[in-house]
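Have a look at the structure below before the remarks.
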Amino acid sequence: MKFLKSLKSQQRQIIEKIQFIMQMIATGATGKTAIQTAWFEEAVDIPLSSGLTFGTEDPMMANEILQDLRRRRDEAESGGYNTSQDAYEMRFELCEAEDAVAELITNEAIGQVLTGTNSSSTDLEMHEYENLLERASNSHALLPMVAVPPLGGSRQDEQRFMEDNRLVAKYLSTALRRHGDRASCSVGIVVTKLDSLFDSEEEARNELTDELLMRWLRPLVQVVNQSQKVFSAAIIPTSAFGWQNAEPIVSPSESGATTMYRLKDRYAESYNTTPLLLWTLLNGLLPVQYERTSAEQEAAVSRVVHMLASDLEHMPHWCIPIKEAGRSLI
Ligand SMILES: Nc1nc2c(ncn2[C@@H]2O[C@H](COP(=O)(O)OP(=O)(O)OP(=O)(O)O)[C@@H](O)[C@H]2O)c(=O)[nH]1
Ligand SMILES: [Mg+2]
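Just so you know, we're using my numbering here: the sequence shown kicks off at 687 and counts up by one.
Here it is as structure tokens:
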């Protein structure tokens, strides 16, 4: 009898756990793995002030993340991160005390899919391409990303920035076209590698006015602003390595833009990446709130949303809102 009772309560917990999906979209070497690594370093399994913890599902995964982190620190210090090749799935939990309230499902993002797929691609490449679009069109939070052109960069760097903008915006609008309902997805437009253009946050914030960022990111901003599928949206500038902490890797064979960097110090001091995670969790959950049927689940989401909002509010961050609750702010 006691056993049956505990089984029932376990079942209840599984039903109540809210699932939501997040997908990054960016070309190769934009810094997706670096941002994920900053989350592993600074946010995963580390309690937030509200009492929530964003973390791994079990001790085995916690150990794997720590092993991965040690390997990635070596990579960042030597030749920069290796390019991602496998879109494996990861599941994280948002927990209050030991109970999981929500589960975030995401997949490693492969930049090569964006720049490597065309009409003469192999079946395998087409499969990866379709999978990415499928996951993106089912996501509650989408993170399209572009890396800034570096300081003193060439014409090719600027060109690369504009082309990335156009291509990522096309993937985003295609994913949104396939997306289910009105206001069913939030979009964080992430600007990466800010440290390759500026030496400090102060310098970056003085130079990058809201107007300039909107102008720079016009293809992406326009997609989110016009789409009825987008619930909330913002521009979030980041640096996964932190200020004055990286040096470019000059490859003699490199004919294109400057994109690869190594960390000068083994430990990155990332800028605005934990706020990016909190924004993503908070705004990814908001559209889910309206999918819920039971009052119990709605109350659970609303409670987590309030806790995340309070965590974000109390953390210094840089975020330029574009849309809230389906309404354009620009
Ligand atoms: N300066 C600087 N370099 C960075 C930053 N983030 C990543 N890098 C470097 O940029 C290159 C690409 O970073 P990744 O994180 O591997 O990029 P990715 O988007 O995961 O690329 P793919 O896996 O190929 O799709 C590597 O050389 C990194 O060391 C950053 O914030 N600042
Ligand atoms: Mg990667």
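Even glycine gets a Cβ: it sits at the ideal position worked out from N, Cα and C.
Would you mind working out which of the options sits nearest residue i, comparing C-alpha positions?
{"i": "GLY1012", "options": "LEU972, ALA981, SER807", "result": "LEU972"}
{"i": "ARG930", "options": "LEU949, ILE791, ALA919", "result": "The question names Arg, yet the displayed sequence has Gln at residue 930. That would be LEU949, whose Cα lies nearest to the Cα of GLN930."}
{"i": "SER823", "options": "ILE1006, ARG864, VAL834, GLU789", "result": "ARG864"}
{"i": "THR966", "options": "PHE884, PHE740, GLY866", "result": "PHE740"}
{"i": "ILE707", "options": "ASN793, MET848, ALA720, SER913", "result": "ASN793"}
{"i": "ARG952", "options": "GLN709, ALA795, ALA724", "result": "ALA724"}
{"i": "GLY987", "options": "SER956, VAL787, PRO961", "result": "The sequence as given places Val at residue 987; Gly does not occur at that position. The residue with the shortest Cα to Cα distance from VAL987 is VAL787."}
{"i": "SER925", "options": "GLU784, GLU789, SER840, ARG891", "result": "ARG891"}
{"i": "LYS879", "options": "GLY717, GLN709, GLU897", "result": "GLY717"}
{"i": "THR860", "options": "VAL877, PHE847, LEU828", "result": "LEU828"}
{"i": "GLY802", "options": "ARG757, LEU752, ALA783, ASP850", "result": "ASP850"}
{"i": "MET848", "options": "ASN969, GLY797, TRP1004, LEU903", "result": "LEU903"}
{"i": "GLU775", "options": "ARG821, GLU984, SER764, ASP754", "result": "ARG821"}
{"i": "LYS856", "options": "GLY839, GLY714, GLN908, ASP760", "result": "GLN908"}
{"i": "PHE676", "options": "ALA795, ARG759, GLU887, VAL799", "result": "With the chain running from 687 to 1016 in the structure shown, residue 676 is simply not present."}
{"i": "CYS871", "options": "LYS915, GLU897, ALA833", "result": "LYS915"}
What whole-angstrom Cβ distance do residue i and residue j have, given they're in contact under 8 Å?
{"i": "VAL974", "j": "ILE711", "result": "That belief does not hold up - the Cβ atoms of VAL974 and ILE711 are roughly 20 Å apart, past 8 Å."}
{"i": "ILE922", "j": "LEU962", "result": "5 Å"}
{"i": "PRO905", "j": "ARG852", "result": "5 Å"}
Kindly examine ligand 2 and report whether one of its heavy atoms sits closer than 8 Å to the Cβ of residue i.
{"i": "ILE796", "result": "yes"}
{"i": "THR860", "result": "no"}
{"i": "THR719", "result": "yes"}
Given 8 Å as the limit, tell me if residue i has its C-beta closer than that to any heavy atom belonging to ligand 1.
{"i": "ASN768", "result": "yes"}
{"i": "SER913", "result": "no"}
{"i": "THR945", "result": "yes"}
{"i": "LYS703", "result": "no"}
{"i": "ARG759", "result": "no"}
{"i": "MET831", "result": "yes"}
{"i": "LEU880", "result": "yes"}
{"i": "THR924", "result": "yes"}
{"i": "GLY714", "result": "yes"}
{"i": "PHE927", "result": "yes"}
{"i": "ARG948", "result": "yes"}
{"i": "ALA822", "result": "no"}
{"i": "THR723", "result": "yes"}
{"i": "ALA932", "result": "yes"}
{"i": "ALA762", "result": "yes"}
{"i": "ILE875", "result": "no"}
{"i": "ILE1006", "result": "no"}
So the alpha helix (DSSP H) residue i belongs to, where does it begin and stop?
{"i": "GLU816", "result": "809-823"}
{"i": "TYR857", "result": "841-864"}
{"i": "GLU727", "result": "718-728"}
{"i": "ASP896", "result": "896-902"}
{"i": "GLY802", "result": "798-802"}
What first and last residue would you give for the beta strand (DSSP E) that runs through residue i?
{"i": "ALA932", "result": "932-934"}
{"i": "GLN705", "result": "704-711"}
{"i": "GLU779", "result": "775-782"}
{"i": "ILE875", "result": "871-878"}
{"i": "ALA827", "result": "827-833"}
{"i": "ILE791", "result": "785-793"}
{"i": "SER918", "result": "916-923"}
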